[in-house]
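Let me begin by presenting the structure, written as structure tokens, before commenting on it.
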Amino acid sequence: LNKKGKLIAVHGNMDAPELVSILPAKATFEVAGYRIGVTHGFGSPQNLIDVVKYEFEGVEIILFGHSHSPINEVKEGILFFNPGSPTDKRFAPFNSYGVLELGQEIKREIIILK
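Residue numbers (our numbering): 34 to 147.
What follows is the structure, given as structure tokens:
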């Protein structure tokens, strides 16, 4: 993946110790002038936005997972974007992935797989 561009990855709660030892729990970076936070997430899927929002300061976008259920919501001026999961439905009725296009505007879409 590094051949396609800079790869930024974080570990999740079910990852092997080998991954946890080399990947951070969260990361912050900038793309197209947007400051972005990324984390897997943790805790109850019911209040996940509230959990991940306190992991970052000064970001416009927070990318996260954990619940396997897609979220595409702006709250308090921050885009909370969880693409869901293309392979494991757990708390969602369908598999999905997300696409973000960052330019003067943020284009965001959750794609439902059938």
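Positions of the beta carbon are idealized from the N, C-alpha and C atoms, including for glycine.
Annotated three-state conformation of Val107 is strand, per DSSP. Under the DSSP assignment, Glu88 falls outside any alpha helix (DSSP H); it carries neither an H nor an E label. Closest option to Leu133, judged by alpha-carbon separation, among Lys36, Ala65, Gly76 and Phe75: Ala65. In this structure, Arg68 sits away from Leu112, with a CB-CB distance that is not shorter than 8 Å. The three-state secondary structure of Leu96, taken from DSSP, is strand. Straight-line measurement puts the Cα of Lys147 at about 32 Å from the Cα of Ala60.
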